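Here's the structure, in C-alpha cells; my notes come after.
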Amino acid sequence: MQAALASRAALVRTTTTKASRRSVGVVAAASPGSWFPGNPEATAPHLSGVDLPANFGFDPLNLAKSPEALKWYVQAELQHARWAMLGVAGVLGAELTGTDWTTAGAQQYFADPKVLFMVQLFLFHFVEIRRLQDYKKPGSQNQDPFFSNNKLPDGNTPGYPGGIFDPAGFSKGDFNTLKLKELKNGRLAMLAFLGFAAQHASTGKGPLTNLADHLANPWFNNVMTNPNSVPPSMYGM
C-alpha cells in the first residue's frame with residue numbers, strides 16, 4: 011500500500027512539474043498589444059495600459075505625454091483618419107471618371123468660388139465650434155439647436171456621436187472592434203494619400219495610372235527607375 015501511494019505521489023509531482031513548466035511558457039509570450047513585440051521598452055510609458063482603440067504604445071516623440079495632449083491627439087487622429095479615407099476615395103473616384111484629382115477643385119461651379127468659400131467657412135465654423143464644445147464637455151451638444159425633437163443619445167463620447175450619425179446601427183454590435191478597424195483603415199488612408207501626392211509630384215499621374223504602368227512593366231516602372239525619386243547621378247549616369 012505504501013509503495014502504491016509513493017508511486018502515485020511521484021506521478022502527481024511529475025505531472026504538476028510539467029504543467030507548471032507549460033504555464034511558464036505561456037506567460038513568457040510577447041504581448042500582442044505592442045507595436046514592437048518582444049521589446050517592452052519600445053512601448054511609450056504614458057501609453058502603457060491606456061484603454062484606447064488601436065493603442066500599440068507608439069509615441070517615439072512623446073507628443074501625447076500629458077493627459078490633455080493625449081486627449082487632444084486622440085480626437086485629432088480620428089478626424090484626420092476620416093478625412094483621409096474620404097480623400098483617398100475621392101482621388102480614386104476622380105481618376106476613374108477621367109479627372110485629374112489635383113486640378114478637380116479648380117472646376118467651374120454654379121457660383122463664384124469666393125462666395126462658396128465664405129459659405130463653407132461659416133458652416134464649418136458653426137460645426138467645429140459645436141464639436142469643440144462637445145470635446146470640452148462631452149454630451150453638452152447632444153440637443154439639436156434648431157429642431158427640439160432631434161437629440162443624440164445620452165452617454166456618447168466625443169468623436170462617436172451615434173444617433174442619426176449611425177443610421178445603420180453599427181454601434182449596437184461589437185463597437186470596440188469597429189473603432190479599431192476604423193483607425194487602422196484611417197491610418198492606412200493617411201499614408202496612402204501621402205503616397206498619392208508624392209507619386210503625382212514625381213510622375214504627374216494618378217495612383218491608378220501609376221499602378222497600371224507598374225503592373226505592365228514592373229522591372230522598368232518602379233521607384234528605383236524614377237529619376238525624381240532616385241537621381242541618375244547616384245549611379246554615375
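Taking my numbering, the leading residue of the sequence shown gets 11, the next gets one more, and so forth.
No residue lacks a Cβ here, since even glycine has one placed at the ideal position from N, Cα and C.
None of the values given here were measured: they were computed from a predicted structure.
DSSP, read as helix, strand or coil, puts Thr109 in coil. As the crow flies, the alpha-carbon of Trp82 is around 12 Å from that of Arg141.
Remark: C-beta atoms of Thr167 and Pro148 approach each other more closely than 9 Å.
Closest in C-alpha terms to Ala79, from the list Phe185, Tyr119 and Tyr145, comes Tyr145. Remark: three or more beta-carbon pairs, one from each stretch, lie closer than 8 Å, so the segment 205-217 and the segment 99-118 are flagged as touching.
By the neighbour-count criterion, in which a residue is buried when 16 or more other Cβ atoms sit within 10 angstroms of its Cβ, Gln89 is exposed. Check the Cα spacing between Phe66 and each of Lys75, Asp110, Ala52 and Asn231: the tightest is with Ala52. When secondary structure is reduced to three states using DSSP, Thr167 falls in the strand class. Within the model, the alpha-carbon separation for Thr112 versus Ala211 is close to 10 Å. Ranked by Cα distance from Pro177, the options Phe230, Pro163 and Thr187 are led by Pro163. Of the candidates Ala199, Asn195, Lys194 and Tyr170, Tyr170 places its Cα closest to the Cα of Phe185.
Listed in chain order, the alpha helix (DSSP H) elements of length 4 or more contained wholly in the segment 169-231 are 185-213 and 217-226. Judged by DSSP secondary structure, His56 falls outside any alpha helix (DSSP H); it is assigned neither H nor E. In the three-state scheme derived from DSSP, where H, G and I count as helix and E and B as strand, Lys75 is classed as coil. In the DSSP annotation of this structure, the continuous segment of the alpha helix (DSSP H) that includes Lys124 starts and ends at Pro123 to Lys146.
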